[in-house]
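Residue numbers (my numbering): 2 to 378.
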């Protein structure tokens, strides 16, 4: 019945089929069970990479039709090659760990990571995608589809890559421009592609990449294992029950809809900081080095942690490969080298101060700092 919906639990990662804005407006909590399918998605991406290197797909087809041509399917070994991981969240890191175990050199692109290396110094971090491209033999994508990532690998950026680069996309369709990919395959600039996701799903029957000899296609199987499906279903049910019983919140995607034990004034500032973060976020195009929240007024201080986390979720949720939530967002930001600070002042000061106030500042590389200030009296 209208008005009675309290929560939606998604068994899996993607919430593309849920209207998050409408759910948030109605105060409906949307949760996902992202972590439960991380391993299966990472394994599938790495499987596509290995299959490309050894031409498993076309070799199988030859055997299936009665052929035998060993010389036709000369492959590449992974050991000693350089893998570029695009997006260094949970899935990207899991892929990187497996690549390192195979003796690969691993580098990663993630504009939100503000440290030079990750995984104990074994993975060099690039904050500019095009700067990484000339240094890798293979690319694997693990980013969400946003205005910044849409078509990030295209005809022009392919030209910056090494000749014959192998490409894997098990993240979101649209991250790789499919027309540009086809041209790169035909010219030899791209040596092969493993695709699990597509701009249109399912792709049409006459989709050119379906039958291309250098392309290995799978029908969005990233989380399609018995283990992952069981794990995400159990996790979603547990999260839903915990929330409805008032026992806690896990996997929240739209933190703005969460109702916590706040006073009316505190709740008003939770709503305000979300609007401020929404205004700032599109201005930040070169990453974030620091996020500072300043609260003035005795009534806001007890809610400082909640207001900070809500602001962080709104700032960062579209920039990571999986949705962040109010529980994990601080840890996720700190892992990527973003410096977090909360400043609280008991009493407003200044000639115009007449009530609680809030300020949110985002610090980026030199010349790209953005700040947004607002006050409620």
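Every residue, glycine too, gets a C-beta built ideally from N, C-alpha and C.
N- and C-terminal bounds of the beta strand (DSSP E) containing residue i
i           : result
residue 358 : 358 to 364
residue 172 : No beta strand (DSSP E) holds residue 172; DSSP gives it neither H nor E.
residue 285 : Looking at the DSSP string, residue 285 is not in any beta strand (DSSP E), and its letter there is neither H nor E.
residue 106 : 106 to 110
residue 83  : 83 to 87
residue 217 : 216 to 218
residue 194 : 191 to 196
Where residue i falls: helix, strand or coil (DSSP)
i           : result
residue 30  : strand
residue 342 : strand
residue 258 : In this predicted model, residue 258 has a pLDDT of only 45, less than 50, meaning its place in the structure is not dependable enough to derive any value.
residue 295 : strand
residue 60  : helix
residue 139 : strand
residue 113 : coil
residue 14  : coil
residue 269 : helix
residue 95  : helix
residue 158 : helix
residue 289 : coil
residue 253 : strand
residue 153 : coil
residue 75  : coil
residue 302 : helix
residue 307 : helix
Alpha-carbon spacing of residue i relative to residue j, whole angstroms
i           : j           : result
residue 7   : residue 312 : 22 Å
residue 255 : residue 240 : 14 Å
residue 219 : residue 178 : 17 Å
residue 194 : residue 330 : 33 Å
residue 186 : residue 79  : 20 Å
residue 209 : residue 215 : 11 Å
residue 10  : residue 146 : 21 Å
residue 40  : residue 124 : 19 Å
residue 127 : residue 247 : 42 Å
residue 274 : residue 120 : 33 Å
residue 316 : residue 361 : 11 Å
residue 170 : residue 305 : 39 Å
residue 377 : residue 267 : Confidence at residue 377 is low in this model, with a pLDDT of 49, below 50, so its placement is unreliable and no value can be given for it.
residue 58  : residue 217 : 7 Å
residue 225 : residue 148 : 27 Å
residue 260 : residue 277 : For residue 260, the predicted structure reports a pLDDT of 49, less than 50, and the residue's modelled location is therefore unreliable. A value from the coordinates is still provided. Taking the straight line from one Cα to the other gives about 19 Å.
residue 166 : residue 38  : 28 Å
residue 81  : residue 106 : 7 Å
residue 285 : residue 83  : 30 Å
residue 15  : residue 253 : 13 Å
residue 347 : residue 295 : 11 Å
residue 163 : residue 155 : 14 Å
residue 122 : residue 93  : 16 Å
Where residue i falls, given that 16 or more other Cβ within 10 Å makes a residue buried
i           : result
residue 206 : exposed
residue 182 : buried
residue 73  : exposed
residue 303 : exposed
residue 104 : exposed
residue 257 : For residue 257, the predicted model reports a pLDDT of 47, less than 50, meaning its position is unreliable and no value from the coordinates is stated.
residue 357 : buried
residue 381 : The requested residue 381 does not occur in the structure, where the chain is confined to residues 2 to 378.
residue 197 : buried
residue 188 : exposed
residue 109 : buried
residue 91  : buried
residue 65  : exposed
residue 227 : exposed
residue 309 : buried
Limits of the alpha helix (DSSP H) - the one that residue i falls within
i           : result
residue 332 : 330 to 336
residue 127 : Here residue 127 belongs to no alpha helix (DSSP H); instead the beta strand (DSSP E) covers 124 to 127.
residue 233 : 227 to 245
residue 181 : 179 to 188
residue 9   : That residue, residue 9, is in no alpha helix (DSSP H); its beta strand (DSSP E) goes 8 to 11.
residue 263 : Residue 263 -> no alpha helix (DSSP H), and no H or E assigned at all.
residue 319 : First-last for residue 319: undefined, no H or E at that position.
residue 51  : 39 to 54
residue 132 : 130 to 133
Rounded distance between the beta-carbons of residue j and residue i, thought under 8 Å
i           : j           : result
residue 336 : residue 291 : Not quite, the Cβ-Cβ distance comes to about 15 Å (not below 8 Å), so this is no contact.
residue 288 : residue 112 : 4 Å
residue 211 : residue 176 : The pair is not a contact, with the Cβ atoms about 18 Å apart (cut-off 8 Å).
residue 172 : residue 34  : The Cβ separation is near 18 Å, so there is no contact.
residue 140 : residue 161 : With a Cβ gap of about 11 Å, residue 140 and residue 161 do not count as contacting.
Test: residue i CB closer than 7 Å to a CB of chain C
i           : result
residue 172 : This model lacks chain C altogether; it includes just one protein chain.
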